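S.K.: Numbering (my numbering), first residue to last: 140 to 806. Here you go, one structure.
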Amino acid sequence: MRLAVSVLAVSAVLAATPAAALQNTAVREIANPPELEAEGKPPSLMLTAEAAPATPTDNRLLDLKVEMIASKLYNPNTGRDDKVLLRGYTGKGMLPDTPLVSPEIEIRPGETVRISLDNQLPTDPTCLGHPANMNIPHCFNGTNLHTHGLWVNPAGNGDNVLLSINPGVSFQYEYNVPSDHPSGTFWYHTHRHGSTALQVSSGMAGALIIRGERMPTPTANGDIDTLLKGMPERVLVMQQIQYACYDKAGAIQKNKDGSYLCNPGDVGEIRNIDDFGPGSWGATGRYTSFNGVVMPTFRATQGVVERWRMIHGGVRDTIKLTFAKRLDNKVLKLGATAAEVDRFIESSCAKDSLPIQLIAADGLTMAQAQPSRGTVFQPGYRFDALVAFPEAGQYCVLDMPNSESGSLNRDALGRKLMGYVEVAKGTPFTNNPKAYVRDRLIERAKTLMPPNIRDTVVAALTDQMKFTPFVPHPTVEDDELTGTQELTFRIDISGPTQFEVGNTLNSADTKPYDPARIDRQLPLGGVEEWTLQSHFVSHPFHIHVNPFQIVSITNPKAKNPDGSLIDLSLPGQADIPDPTDGQYAGLHGVWKDTLWIKSLFAAPGDAPPGDIYTVKVRTRYQRYIGEYVLHCHILDHEDQGMMQNVEVVLPQAPFGKNNPAVMHGSH
């Protein structure tokens, strides 16, 4: 059951509410993004190789337009809506009063979905020809489409980001989603090198949900969707829309404290990325939006377990999402300073945060639920969580500070209020929240699971809420490995700043992106272990097509008594030497497509060894050949050269053994 509540027309509320009370009474309720509706059957059908697809194969045609969208965003600093004119996606199913959020795309395994991407943005001369330096942001009105996290063909009309769809041009993407594709929470966004950051910061990102109906069997794993069927569900795209209002001279209008200013009648825009950089988002004074709604109120019922599909679709912020019971009815005044917001949270929001149960990372079901009191989202991350509120009343939705090296802007900003949850009276519970959620899942398993697997699912849930029958990928074992890769991120500031990636762990080997260069050739059918490091500040690593499994995360300063390195990804393990950052704990064995590569080093010169973390992951190159990219998911870093081209090619000789495929069967 999808939670669909009406979004109040904020302008109407503003007209009827005294300004002094706006922060308390102008309720901005939130709905799931509208689903992009099909335009009709495509003109031709693909022959499929699946004799028995997971679901009856459907072929759908979707139209996705890119255009300048006139909309509005609530500004808590003034208590009114700011008008904005931003690049965005529209399509069938979007209504005139839809908030500034892209439509949700839903796909089922075995479907062929064609998306016609129609670029209706104004003409942009910088899109024509090849600039002397491709790593200088340019072509802000050229675009393309990336299905982030999908295991699909990267070439031709597939998930091809190595092309530019210029203004006035339409291109039809074709996604043949295999019948054994995992269900989960994915997303789509623009990925045209040179304009990615600007367009994603404008809101050009949306939820992409793969919905599965495959029951687990004694011989094949299934979709966790079958266990959660009918559960209330929220799909949340979190974004930092970094709009500004400009004066007649073309300068950004700012308040005395440096935060962005939009006067009544002004229209906010994003014209370039000159103002993107470390600390830029915090300096704007803007607020993270949820599905296009700033400072929303979520409606929930006490004791009802909900599935929250959460997507970090922004560019320039780390989010540490936390829920805390609201203690009073104090009103946070309009235009509150960071210090005043912090004092409000200190007095009005409980210090003991609500634990939620993480069940999937980057769309892929975890082997075991992980309780979290502060879930760290880096750009590109997704987490699915099971959330149940034990008490009626209000909860604060907070963005809590993380350590400097654990956050994108290295600023460890103070606590931020992002919204509220209004919880109606229902079924109270006072026992362990994880046990409460587990018991509700066991009840579901006894009702929803078929007899031949029911006891297995119940036993797994009883054992620390394990999801073994629903894990999509088998663990990569030592004897599968056929090779290794190394990667280093680095910002070179010895001359003009360059954003670089290298194929070794030596800083001297890093290079900026060259679109004409293939940086790595990977063998189809190969299974490799990658060693990842960052030699200048931290960066989120993302690779297209094939996900990876986390093997270990270490730091030379973190050692066991016997001198061996501590694996910081083990459950409950504190980060050493950065104990205030808990984002790595519990990631051991987890599958992801985007991962924070941490570095304590942020100064010129050679990085001290103790400042560099070493991340080891393993991946399989299955099914698809062709070119795609890996890159830093701080997207202005990617636009400026922190990216590589990789190519999966046919091997010259067969490997010694067959590699396990994904574990979903066609049921």
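Just so it is clear, CB atoms sit at the ideal spot from N, CA and C, and this is done for glycine as well. What you are looking at is a predicted structure, and each value in this text was computed from that prediction instead of being measured.
1. Specify, as a first and last residue, the run of the alpha helix (DSSP H) that H776 falls within.
2. Return the chain-ordered list of same chain residues with a C-beta closer than 6 Å to the C-beta of L83, the five sequence neighbours on each side being excluded.
3. Which residues does DSSP pair with Q311 in a beta bridge?
4. Use the C-beta contact count for A655: other C-beta atoms within 10 angstroms, 16 or more gives buried, fewer gives exposed.
5. So, at 6 Å on beta carbons, what are the nonlocal neighbours of G431 in its own chain, with the 5 sequence-adjacent residues on each side left out?
6. Exposed or buried, H269, counting other C-beta atoms within 10 Å across all chains shown (16 or more means buried)?
7. For a quick check, are the C-beta atoms of S542 and T719 less than 8 Å apart?
8. How would you call P700, buried or exposed, if buried means at least 16 neighbouring beta carbons within 10 angstroms?
9. Identify the residues that DSSP records as bridge partners of F437: which are they?
10. Taking C-alpha atoms, which residue in L661, I498 and P748 lies nearest to D362?
11. Whole angstroms are fine: how far does the CA of I412 sit from the CA of Y382?
12. Going by alpha carbons, who is nearest to S708 out of I682, G369, I657 and H727?
13. Starting from the C-beta of L400, find all residues in its chain whose C-beta is less than 8 Å away, skip the five residues before and the five after it, and write them out in chain order.
14. Look at L260 and N283 and say whether their C-beta atoms are less than 8 Å apart.
15. Any contact of the region 289 to 303 with the region 522 to 541, i.e. 3+ C-beta pairs under 8 Å?
16. In the DSSP assignment, the beta strand (DSSP E) including D202 goes from what residue to what residue?
17. May I ask which residues mark the beginning and end of the alpha helix (DSSP H) holding P572?
18. Work out the CA separation of P435 and A170 for me, nearest whole Å.
19. Quick one: what does DSSP say V374 is sitting in, helix, strand or coil?
20. Exposed or buried, P716, counting other C-beta atoms within 10 Å across all chains shown (16 or more means buried)?
21. Relative to the C-alpha of G227, which residue among N402, E178, P215 and E408 is closest?
22. Pull up the CB-CB distance for F628 and C771, whole angstroms please, since I reckon it's below 8 Å.
23. Where does F809 fall in DSSP's three states?
24. Alpha carbon to alpha carbon, how far is R247 from I348? Give it in angstroms, no decimals.
25. Reducing DSSP to helix, strand and coil, say where S738 ends up.
26. Let's see if you can read the secondary structure: which residues bound the alpha helix (DSSP H) around I592?
27. Going straight from the alpha carbon of G804 to that of D319, what length do you get?
28. Would you tell me roughly how many angstroms separate the C-alpha atoms of F310 and I254, rounded to the nearest one?
29. Where do the N-terminal and C-terminal ends of the beta strand (DSSP E) with V348 fall, by residue?
30. To the nearest angstrom, how far is the alpha carbon of P355 from that of V596?
31. For my contact list, K368 and L587 are in at a C-beta cut-off of 8 Å; report their separation, rounded to the angstrom.
32. Starting from the N-terminal side, write out each stretch of the beta strand (DSSP E) that is 3 residues or longer and does not extend beyond the region 469 to 518.
33. For chain D, find out if any of its Cβ atoms is closer than 8 Å to the Cβ of Q509; answer yes or no.
34. Mark L789 as exposed unless 16 or more other C-beta atoms lie within 10 angstroms of its C-beta, in which case mark it buried.
35. Just how far apart, CA to CA, sit L289 and D467?
36. When the Cα atoms are used, what is the spatial distance from Y559 to R167?
M.R.: For this structure:
1. L774 to D778
2. The structure shown does not extend to residue 83, since the chain is modelled only from 140 to 806, so the question has no answer here.
3. S255
4. exposed
5. P238, L239 and V240
6. exposed
7. yes
8. Exposed is the call here.
9. For F437, the pairing in a beta bridge is given by DSSP as V560.
10. I498
11. 11 Å
12. Nearest of I682, G369, I657 and H727 to S708, Cα basis: H727.
13. C384, Q392, K393 and N394
14. no
15. no
16. N198 to N214
17. P572 to L587
18. 10 Å
19. strand
20. exposed
21. E408
22. 6 Å
23. With the chain covering only 140 through 806, there is no way to say anything about residue 809.
24. 8 Å
25. strand
26. Looking at the DSSP string, the run of the alpha helix (DSSP H) that includes I592 is P590 to T601.
27. For G804, the predicted structure reports a pLDDT of 44, less than 50, and the residue's modelled location is therefore unreliable. A value from the coordinates is still provided. Taking the straight line joining both Cα atoms gives about 6 Å.
28. 8 Å
29. A small correction: the amino acid at residue 348 is Ile; Val does not occupy that position in the sequence shown. Looking at the DSSP string, the run of the beta strand (DSSP E) that includes I348 is A344 to I349.
30. 9 Å
31. 6 Å
32. 495 to 500, 503 to 511 and 514 to 516
33. The chain inventory of the structure shown lacks chain D, comprising one protein chain alone.
34. Answer is exposed; the Cβ neighbour count stays below 16.
35. Rounded to the nearest angstrom, the two C-alpha atoms are 44 Å apart.
36. 10 Å
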